[in-house]
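Oh and the sequence shown: position 173 is 688 in this note's numbering, straight run, nothing missing. Just so it is clear, CB atoms sit at the ideal spot from N, CA and C, and this is done for glycine as well. Working notes for the structure below.
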Amino acid sequence: MIAMATIFHGTYGENDAIFEKFKECTDETSTIIKHIASIIGHGHRALDIGSGSGDIAIWLSCWNDSVIAVEPERKMLDRLREKMASLGIDNVAIIPKAWENAKIAGSFDTIICSHAMYFMKDWETSLRKMVAMLDDHGKAFIIVHADDDPFTNFLTRFEQEIDPIKARHDPHVASVVMAIVSRIPGMTARVDEIPAIMRFASIGAAIDVCPFFFECSPGSITRDVKAELESWFDALDHDGREIVLRYKNAAVTIQKK
Ligand SMILES: C[S@@+](CC[C@H](N)C(=O)[O-])C[C@H]1O[C@@H](n2cnc3c(N)ncnc32)[C@H](O)[C@@H]1O
Numbered sequence: 516m517i518a519m520a521t522i523f524h525g526t527y528g529e530n531d532a533i534f535e536k537f538k539e540c541t542d543e544t545s546t547i548i549k550h551i552a553s554i555i556g557h558g559h560r561a562l563d564i565g566s567g568s569g570d571i572a573i574w575l576s577c578w579n580d581s582v583i584a585v586e587p588e589r590k591m592l593d594r595l596r597e598k599m600a601s602l603g604i605d606n607v608a609i610i611p612k613a614w615e616n617a618k619i620a621g622s623f624d625t626i627i628c629s630h631a632m633y634f635m636k637d638w639e640t641s642l643r644k645m646v647a648m649l650d651d652h653g654k655a656f657i658i659v660h661a662d663d664d665p666f667t668n669f670l671t672r673f674e675q676e677i678d679p680i681k682a683r684h685d686p687h688v689a690s691v692v693m694a695i696v697s698r699i700p701g702m703t704a705r706v707d708e709i710p711a712i713m714r715f716a717s718i719g720a721a722i723d724v725c726p727f728f729f730e731c732s733p734g735s736i737t738r739d740v741k742a743e744l745e746s747w748f749d750a751l752d753h754d755g756r757e758i759v760l761r762y763k764n765a766a767v768t769i770q771k772k
């Protein structure tokens, strides 16, 4: 399993500014938080894996005595520290490491890994490490792309055309997580779909936020995929028009049986 299904190429250390812009164009963080908030209440210890610049970790810090944010990219962590300082938050501890290398003691009542699984090479080992840290009544929320989501399918086809060798991977969708959980004794899981909307004021704004779609050389994508790109980005030749993309994330909630 390799990291591919993401609208950014390169690491989040290289794309931190674009990622912050992307966050302003999508409602996905608030829809993810709303979904998780409908399931959990006040907790003692929460873990946010692949926290990025920390919007979810910061939300968790309001509902938990303490939070641990695990994130390997220094620039993302600088942004998280800035947000914490400006909000006066002091109950988030940072572990500046990849999840695979993070050493953490104890257990948690909430574990969240939102859109960070894609960057882990061995999903099964990473997931087993997460669920092993759940309290008896704890819940882990793994946020990935929803199965059969048209935008995710387009993203996958696009990546396969521009880089077929790198793109040879299992799909980064909820059913893959569910299949792994079914092999972990004593654990049960369910999937909920979370709709999200991306809005760009114009095609220029879309190109700023997802340059990867627009940087490929002519001829590297087939006519079919080009037509699909144009339909997702709503007539690429008409600047000045708002572009609205609807897509679905999935939350896999894992707990002990
Ligand atoms: C798409 S961002 C998601 C950020 C945040 N969780 C959210 O939902 O807004 C993915 C994050 O995972 C981080 N990441 C990459 N490899 C990782 C790994 N092996 N372990 C933990 N996090 C990783 C990236 O640096 C990036 O900040």
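| request: With DSSP collapsed to three states, give me the class of M519. | output: Here the model assigns M519 a pLDDT of 39, short of 50, so the residue's position is not dependable, and the following value carries that caveat. Note: M519 maps to coil in three-state DSSP.
| task | Mind checking who Y762 pairs with in its DSSP beta bridge? | result | A711
| request: Using the Cα positions of D723 and R756, report the straight-line distance between them to the nearest angstrom. | output: 15 Å
| H550 to A766 span [Cα, whole Å] | Using only the alpha carbons, I get a separation of about 8 Å.
| Alpha carbon to alpha carbon, what distance is there between I573 and D649? | Sequence inspection shows Leu at residue 649; the Asp mentioned does not correspond to that position. Roughly 20 Å between the two C-alpha positions.
| request: Please indicate yes or no: does the CB of S629 lie closer than 7 Å to some heavy atom of ligand 1? | output: A heavy atom of ligand 1 is found nearer than 7 Å to the CB of S629.
| request: Can you give me the Cβ contacts of A518 inside the same chain, cut-off strictly under 6 Å, excluding the 5 residues immediately before and after it? | output: Residue placement at A518 is poorly supported in this model, since its pLDDT is 35, which falls under 50; the coordinates still yield a value, given next. Y633 and F634, listed in sequence order.
| message | For Q770 and T737, I'd like the C-alpha separation in whole angstroms. | response | 43 Å
| said: For the pair the segment 570-587 and the segment 602-617, tell me if three or more CB-CB distances fall below 8 Å. | reply: At 8 Å Cβ cutoff, the stretches touch.
| Y527 beta carbon near ligand 1 (any heavy atom closer than 7 Å) | yes
| Using 8 Å as the Cβ pair cut-off and three pairs as the minimum, do the segment 529-536 and the segment 619-628 touch? | no
| request: Using three-state DSSP, classify K590 as helix, strand or coil. | output: helix
| query | Hey, would you say L744 sits closer than 8 Å to F728, going by beta carbons? | reply | yes
| Span of the alpha helix (DSSP H) holding T640? | W638 to V646
| request: Tell me whether the beta-carbon of P587 lies closer than 8 Å to the beta-carbon of A561. | output: no
| message | Given the structure, does I677 come close to ligand 1, in the sense that its CB is under 7 Å from one of the ligand's heavy atoms? | response | Checking the Cβ of I677 against ligand 1 gives no.
| message | What does the Cβ neighbour count give for V472, buried or exposed, with the cut at 16 atoms within 10 Å? | response | Nothing in the structure corresponds to residue 472, since the chain is present only between 516 and 772.
| query | Can you pull the DSSP bridge partners for L649? | reply | F623
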